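Visitor: Numbering (our numbering), first residue to last: 188 to 345.
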Amino acid sequence: MSDIHELMISVDLQDEISAQELAELSWHLGIGPQPERLSIITEFPVVVVDDSGIPVIEEDPYPLLARRGAASRVGGVLCSTLANRADLPREGWSLTSRQEIHPDEFEKVGELLCWLATRAHETHLLEDGAVGVGFLRFYEAEVPDVLQVKSGQVSWPA
């Protein structure tokens, strides 16, 4: 049995994103190098055993939405992209990502989704104040669940 889910993100962002944030977002999408300083998600703690056998916490940053190529469980292709909307009536950035994700990754990816929701264009704002950011589908399910961010929390399905 596998716990893999298909994560689909599609968000139009406002144009008020700094160069540092844009660089880090590009890294998370696998389309740019890792910035020297992280500002969107700053902690990536992992427990490792040092040379004397003592567990220690180290930082091990990794891009959250950078997988590419054929999907192993959900079919289709894994990809992420970011496009500038400068020539369109609504300026800013458009982000799309399709990834395979395990529930162990929900917390870190949720941090990124919450950040995206704070910068999402008003067209993503729902009546109840939530922000629609995409969809999540268990790999065996036929219909995805809507992913929303409300009050700084992602609506991960149970």
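Note that beta-carbon positions come from the ideal geometry of N, C-alpha and C, so glycine has one too. Computed from a predicted model, the values in this text were never measured in an experiment.
With DSSP collapsed to three states, give me the class of Trp-214.
Guide: helix
Visitor: Mapping DSSP to helix, strand and coil, what is Trp-343?
Guide: coil
Visitor: Judging by CA-CA distance, which residue of Lys-337, Glu-292, Leu-303, Arg-255 is the nearest neighbour of Ile-227?
Guide: Leu-303
Visitor: Could you have a look at Val-264 and say whether DSSP puts it in helix, strand or coil?
Guide: strand
Visitor: One question on the structure: do Glu-287 and Leu-252 come within less than 8 Å of each other, judged by their Cβ atoms?
Guide: It is not a contact, given that the beta carbons lie outside the stated cut-off.
Visitor: Using the Cα positions of Ser-189 and Ala-307, report the straight-line distance between them to the nearest angstrom.
Guide: Looking at the two C-alpha atoms, the distance is approximately 32 Å.
Visitor: Within the chosen definition, does the segment 191-199 reach the segment 308-327 through at least 3 CB pairs nearer than 8 Å?
Guide: yes
Visitor: Considering only residues of the same chain and omitting the five flanking positions on each side of Ala-258, which have a CB-CB separation below 7 Å?
Guide: So the list reads Val-264, Leu-265, Glu-287, once near-sequence residues are dropped.
Visitor: Here's a check: name, in chain order, each residue in its chain whose Cβ is nearer than 8 Å to the Cβ of Glu-292, leaving out the five neighbours to either side.
Guide: These residues qualify, in order along the chain: Leu-251.
Visitor: If distances are taken between C-alpha atoms only, which option among Arg-272, Leu-300, His-289 comes closest to Glu-203?
Guide: Of the candidates Arg-272, Leu-300, His-289, the one whose C-alpha sits nearest the C-alpha of Glu-203 is Arg-272.
Visitor: Give the range of the alpha helix (DSSP H) segment to which Leu-334 is assigned.
Guide: Where Leu-334 is concerned, there is no enclosing alpha helix (DSSP H), although the beta strand (DSSP E) it sits in stretches over 332-337.
Visitor: Decide if His-215 is buried, meaning its Cβ has at least 16 other Cβ atoms within 10 Å, or exposed.
Guide: buried
Visitor: Given a cut-off of 8 Å on the beta-carbon distance, is the pair Leu-269 and Leu-334 in contact?
Guide: no
Visitor: Among Ala-328, Gly-316, Val-235, Glu-327, which residue has its Cα nearest to the Cα of Ser-338?
Guide: Gly-316
Visitor: For Leu-312, count the other beta carbons within 10 Å of its own beta carbon; 16 or more makes it buried, fewer makes it exposed. Which is it?
Guide: exposed
Visitor: Identify the continuous alpha helix (DSSP H) that holds Glu-143 and give its terminal residues.
Guide: Here the chain covers residues 188 to 345 and nothing more, so residue 143 does not appear.
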